[in-house]
Structure formats: structure tokens, C-alpha cells
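Trainee:
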Amino acid sequence: MMPHRYFQLLEHLDADDEDIADLLPSPACNRRLRSLLKELESVESVSKALQGSDADLLDVREWIDGLIALKPQYADYLGPRANIVRSPDFESGCVRVLRGKGARLTRAEKAALELFALSAIPAAHDAEEDENESFVERFRRNAA
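Under my numbering, read the sequence shown as residues 8 to 151, first letter to last.
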């Protein structure tokens, strides 16, 4: 990364050389650049983790929430309700379910996740009572 190289070179530059000093940022600017570099390292870490094959939606949301905690301005672009999020209710619902808090879903989250809900599997005694029904008939009855 270019900022790393700048700070590596800065250590070897002669601060008393007027020709170089005129081109270099001020010490206050260098402090600000170092702080920005730390922020960029955090963003880079999340960016690389997102490219991995083992990240799920819960991981992604937690990493991005961590970035937002470091710099709240990121919420405008990466927050759960940012413009880039196509279905905020679906995303927040998925995260709640993955956190084990599916019972606390809002109505909008339930509606967004409805297509993915699993129906209850019929109990064994129900299957014995309906021996004459086909699998499809039992499935349709249980889905209703």
C-alpha cells in the first residue's frame, strides 16, 4: 500500500534538506495520515475477509458494524439501512435468525423471510392415521 511506503521512506529523508522539506507534508498532516492509514488497514482487513469463502451474512454484518463503530460515517454507505442494501428487512431478519433471535423478528422481517420458512414436519401419529394419503396429499395438507 502506498501510504506504508511513504512512512517507510519518511524515516530515511533528511528533514533539514530544504528542497525536500518544501515537498513534504507538515508534521500535523503526517499525524493525520498515520491515523487514516490505521483506518484503511481496518477496511482492508474486512475487504480481504469478504473475499474469503467462509464468510456468512452474520460475519459480514458484524465486521461492517465494527467498521461503523470505528467511523460512524460508514453507516451512510454500509449500514443495515444504507441505499446499497436491496432488502433491509431481509438482511436484518437473516442476521436475527443467525444470532438465534428468530422469535424477535419484526412483521416486516417475517414477511421478507416467509418464503424461506420451513413448515413443521408432521408427527409420527399423524402419518399413521393418514396411511391412505399419498406423500403429496399429506404435504399439501400440512402446508395449508
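Just so you know, even glycine gets a beta-carbon here, dropped at the ideal spot from N, CA and C.
Output yes if chain C places a C-beta closer than 8 Å to the C-beta of Arg12; else output no.
Mentor: The structure shown contains no chain C, having only a single protein chain.
Trainee: Given this structure, state the Cα-to-Cα distance separating Ala28 from Ser54, to the nearest angstrom.
Mentor: Going by the C-alpha atoms only, they are around 35 Å apart.
Trainee: Thinking Ile100 and Ala124 are a contact (beta carbons under 8 Å), I'd like their distance in whole angstroms, please.
Mentor: The sequence shown places Gly at residue 100, rather than the Ile named in the question. With a Cβ gap of about 11 Å, Gly100 and Ala124 do not count as contacting.
Trainee: The alpha helix (DSSP H) that contains Glu51, what's its start and end?
Mentor: That run of the alpha helix (DSSP H) goes 34-57.
Trainee: Quick one: give me the first and last residue of the alpha helix (DSSP H) that Tyr81 is part of.
Mentor: Where Tyr81 is concerned, there is no enclosing alpha helix (DSSP H), given that its DSSP letter is neither H nor E.
Trainee: Assuming Ser99 is part of the alpha helix (DSSP H), what are its boundary residues?
Mentor: First-last of the alpha helix (DSSP H) with Ser99: 95-105.
Trainee: Quick check on Val143: buried or exposed, where buried means 16 or more other Cβ atoms within 10 Å of its Cβ?
Mentor: The residue is exposed, with fewer than 16 neighbouring Cβ atoms inside 10 Å.
Trainee: I believe Leu65 touches Arg106 by the beta-carbon criterion, under 8 Å. Please report the beta-carbon distance rounded to the nearest angstrom.
Mentor: The pair is a contact, with the Cβ atoms about 7 Å apart (cut-off 8 Å).
Trainee: In three-state DSSP terms, what is Leu120?
Mentor: It is helical.
Trainee: Does the pairing of the stretch 31-44 with the stretch 65-82 give three or more beta-carbon distances under 8 Å?
Mentor: No, they do not touch.
Trainee: Here's the rule: buried if 16 or more other CB atoms are within 10 angstroms of the residue's CB, otherwise exposed. What is Glu25?
Mentor: Glu25 should be labelled exposed.
Trainee: Taking the alpha-carbon positions, what's the Glu18 to Gly73 distance?
Mentor: The straight-line gap from Cα to Cα measures roughly 32 Å.
Trainee: Where Ala89 and Asp23 are concerned, what is the direct C-alpha to C-alpha distance, given to the nearest angstrom?
Mentor: Distance between the alpha carbons of Ala89 and Asp23: 48 Å.
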